[in-house]
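Novice:
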Amino acid sequence: MLFIGADHGGYKLKEEVCNFLDKKGIEYNDIGTYSEESCDYPDIAQKLCEDVVNNRAEGILICGTGIGMSITANKVKGIRAAVCWNEFTAEMAKKHNNANILCMGARVLENEAAIRIVEVFLDNKFDSGGRHSRRVGKISEIEKKC
Ligand code: RB5
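The numbering used here numbers the first residue of the sequence shown as 456 and each following residue consecutively.
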C-alpha cells in the first residue's frame with residue numbers, strides 16, 4: 456500500500472505524481488491536500504505517517520522544499536523519511552536507509568525529475584542483512600530511548 460500527501464506548495468506536483476501512478480497501475484491512497492489553498496504541512500505529514508505505520512506501508516510527502524514534511528515525519532515512531540533530490544539519493548534512501556517515506560520539494564524539482572525519483576524509490580528494496588541492517592537497527596534503538 457502506498458500513501459501520498461502534500462501541502463499547498465506540493466499540491467501540483469502531487470497531482471503529477473498521482474497521474475504517473477495511475478498510468479503505471481500503481482495503487483495509492485491520496486490523503487490530500489486537494490487544492491492550492493494554504494494549509495499546514497505538519498497536519499498532512501502526521502496523518503500520512505499514521506497511515507504508513509498502521510498499514511506497514513510506504514509514503515510520499517511533498518511540500519515546497521521537502522524539509523518541513525521530513526522533519527515532521529521523522530518525529531513519528533517507525534518512520535524513516537528521506538528528502539531526495541535525484542535518482543541516486545532515492546536509491547540510497549531505500550537500499551541503505553530503508554526509508555519508508557520519500558519527501559520531495561516541489562519548489563526545488565522539475566516534474567520529470569520528481570517522477571524519476573518516485574520510480575527509483577518504488578523500484579528499489581532495502582539491502583537487508585549486514586551493515587545496513589545494523590545501522591538502521593541503531594536508529595530504532597535511539598528512537599526507543601529518546
Ligand atoms: C509553504 O509555504 C512551505 O513552507 C512548505 O511547503 C514547505 O516548504 C516547508 O518546509
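Where is the CB? At the ideal position from N, CA and C, for every residue including glycine.
Can you pull the DSSP bridge partners for Asn484?
Specialist: Asn484 is bridged to Phe458.
Novice: For Asn541, count neighbouring C-beta atoms within 10 Å of its own C-beta (all shown protein chains included) and say buried if the count is 16 or more, exposed if not.
Specialist: By the 10 Å Cβ count, Asn541 comes out exposed.
Novice: Mind checking which residues open and close the alpha helix (DSSP H) that includes Leu468?
Specialist: Here the alpha helix (DSSP H) through Leu468 covers Tyr466 to Lys479.
Novice: Can you name, in chain order, every residue of its own chain whose Cβ lies under 7 Å from the Cβ of Lys530, other than the five neighbours on each side?
Specialist: Excluding positions up to five away in sequence, the list is empty.
Novice: Do Leu479 and Ala561 have their CB atoms nearer than 8 Å?
Specialist: One detail in the question is off: residue 479 reads as Lys in this sequence, not Leu. Cβ distance not < 8 Å, so Lys479 and Ala561 don't count as in contact.
Novice: Taking 6 Å as the limit, name every residue whose beta carbon sits nearer than that to some heavy atom of the ligand RB5, in sequence order.
Specialist: Qualifying residues, in the order they occur: Asp462, Gly464, Tyr496, Cys518, Gly519, Thr520, Ile522 and Gly523.
Novice: Please state the DSSP three-state secondary structure of Ala512.
Specialist: Three-state result, Ala512: coil.
Novice: Would you check if the distance between the CB atom of Leu557 and the CB atom of Ala537 is smaller than 8 Å?
Specialist: Contact: yes.
Novice: I'd like the ranges of any beta strand (DSSP E) spanning at least 3 consecutive residues and lying wholly in the segment 531-579.
Specialist: The qualifying runs are 536-538 and 556-560.
Novice: Taking Asn555 as the reference, give the member of Ala569, Cys601 and Glu505 with the closest Cα.
Specialist: Selected option, being the one with the closest Cα: Glu505.
Novice: Please state whether the Cβ-Cβ distance between Arg571 and Asn552 is less than 8 Å.
Specialist: For Arg571 and Asn552, no; Cβs fall outside 8 Å.
Novice: Please list the terminal residues of the continuous alpha helix (DSSP H) segment that includes Ser588.
Specialist: It spans Gly585 to Lys600 - the alpha helix (DSSP H) in which Ser588 sits, taken as one unbroken run.
Novice: Under a Cβ-count criterion, where at least 16 other Cβ atoms within 10 Å of its own Cβ denotes burial, should Met456 be classed as buried or exposed?
Specialist: Exposed.
Novice: Report the partner residues of Ile397 according to the DSSP bridge assignment.
Specialist: No statement about residue 397 is possible, as the shown extent of the chain runs from 456 to 601 and does not include it.
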